[in-house]
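Single-structure report; data block below.
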Amino acid sequence: MRILILEDNLTLANGLKSALEQAGYAVDLLHDGQQGANLLKFQVYDLLLLDLGLPSIDGIDLLRQLRRANNALPVLIISARDQLDHRIEGLDVGADDYICKPFELDEVVARTRALLRRSTQKAEPVIQHGRLEFATVNRQLTVDGNDIELHRRELSVLEYILTHPGRVISKEQIAEHISSFDDDINPVAIETYISRLRKKLGEDLNLKTVRGLGYLLELNND
Ligand code: CA
Numbered sequence: 000m001r002i003l004i005l006e007d008n009l010t011l012a013n014g015l016k017s018a019l020e021q022a023g024y025a026v027d028l029l030h031d032g033q034q035g036a037n038l039l040k041f042q043v044y045d046l047l048l049l050d051l052g053l054p055s056i057d058g059i060d061l062l063r064q065l066r067r068a069n070n071a072l073p074v075l076i077i078s079a080r081d082q083l084d085h086r087i088e089g090l091d092v093g094a095d096d097y098i099c100k101p102f103e104l105d106e107v108v109a110r111t112r113a114l115l116r117r118s119t120q121k122a123e124p125v126i127q128h129g130r131l132e133f134a135t136v137n138r139q140l141t142v143d144g145n146d147i148e149l150h151r152r153e154l155s156v157l158e159y160i161l162t163h164p165g166r167v168i169s170k171e172q173i174a175e176h177i178s179s180f181d182d183d184i185n186p187v188a189i190e191t192y193i194s195r196l197r198k199k200l201g202e203d204l205n206l207k208t209v210r211g212l213g214y215l216l217e218l219n220n221d
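If you use numbering that gives the first Met the number 0, the sequence shown corresponds to residues 0 to 221, in order.
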């Protein structure tokens, strides 16, 4: 899952970035509203952490533009504007959640997880697929209750696959959602991660290859 942070306080922005990376997300960071608006026109994200007081475009205006363009990206506002009318305005303009500064990083990470759960229509924090169970909170995978250790990137690929069952997903799409500016992952490498996942998980990962298109995780009927 890939997150964009738009925050002009460098110390706070870097703290957020490392907390979210620690939690397993791919994170990009920009400090300027206009740069963020431009980037959001072509780069796909799973969530936006949006400060309101930003250079060149205010966060509220950026959010308004985003929603006018029919972009449904989940947005969590992080702002020092803590008055009730500001919070109401933020939510009414189209934010999904609002957290006032100062906050604890752990709470931002937990709210991020909650918003991503909602946007992927996975109400439960543990994703089940046959005998596989992926706990999104601590990113632990188990098969029949036994812990399976996976490389960080294998886990990111698997998480993307598990949150998109019943749909064909391409390797480019997976790469885009687990890459960041600092850690750009080539779609060809996705094939390697998938073959390792298949080797480690065997039949528990009933992932079909759809020739020329990508991969399809069969829906779980149990
Ligand atoms: Ca600011």
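Glycine included, every Cβ here is placed at the ideal spot set by N, Cα and C.
Cβ shell of residue i (< 7 Å), same chain only, five flanking positions each side left out
{"i": "residue 208", "result": "214"}
{"i": "residue 12", "result": "4, 6, 28, 30"}
DSSP bridge partner residues for residue i (one or two, in chain order)
{"i": "residue 132", "result": "127, 141"}
{"i": "residue 36", "result": "Answer is none; residue 36 lacks a bridge partner."}
{"i": "residue 1", "result": "25"}
{"i": "residue 184", "result": "Answer is none; residue 184 lacks a bridge partner."}
{"i": "residue 78", "result": "99"}
{"i": "residue 48", "result": "4, 75"}
{"i": "residue 216", "result": "206"}
{"i": "residue 179", "result": "182"}
Exposure of residue i, with buried meaning 16 or more beta-carbon neighbours within 10 Å
{"i": "residue 187", "result": "exposed"}
{"i": "residue 210", "result": "exposed"}
{"i": "residue 71", "result": "exposed"}
{"i": "residue 100", "result": "exposed"}
{"i": "residue 150", "result": "exposed"}
{"i": "residue 125", "result": "exposed"}
{"i": "residue 10", "result": "exposed"}
{"i": "residue 41", "result": "exposed"}
{"i": "residue 280", "result": "Coverage of the chain is limited to positions 0 through 221, which leaves residue 280 absent and any answer about it impossible."}
{"i": "residue 191", "result": "exposed"}
{"i": "residue 78", "result": "buried"}
{"i": "residue 136", "result": "exposed"}
{"i": "residue 83", "result": "exposed"}
Chain-order list of residues whose beta-carbon lies under 6 Å from that of residue i (same chain, five-residue window excluded)
{"i": "residue 159", "result": "173, 176"}
{"i": "residue 66", "result": "93"}
{"i": "residue 189", "result": "170, 173, 174"}
{"i": "residue 134", "result": "125"}
{"i": "residue 132", "result": "125, 141"}
{"i": "residue 95", "result": "73, 74, 114"}
Same chain, Cβ closer than 8 Å to residue i, five either side skipped, listed in chain order
{"i": "residue 111", "result": "2, 19, 22, 24, 46, 48, 75"}
{"i": "residue 147", "result": "140, 141, 199, 200"}
{"i": "residue 104", "result": "14, 15, 18"}
{"i": "residue 178", "result": "1, 25, 184"}
{"i": "residue 34", "result": "55"}
{"i": "residue 212", "result": "167, 169"}
Quiz item: What are the complete beta strand (DSSP E) segments, minimum 3 residues, inside the region 143-168?
Solution: Listed in chain order, they are 145-147.
Quiz prompt | Every unbroken alpha helix (DSSP H) within the region 186-213, with a cutoff of 4 residues, ordered by chain | solution = Correct list: 186-200.
Practice problem: Pick out the complete alpha helix (DSSP H) segments inside the region 86-121, 4 residues or longer, and give them in chain order. | Solution: The region 86-121 contains, as complete alpha helix (DSSP H) runs of 4+ residues, the segments 104-118 (chain order).
Exercise. State whether the region 155-171 contacts the region 117-132, with contact taken as three or more CB pairs (one from each stretch) at a distance under 8 Å.
Key: Counting Cβ pairs under 8 Å, three or more are found: they touch.
Quiz item: Looking at C-beta atoms only, is the number of pairs between the region 5-14 and the region 28-37 that lie closer than 8 Å three or more?
Solution: Yes: at least three Cβ pairs fall under 8 Å.
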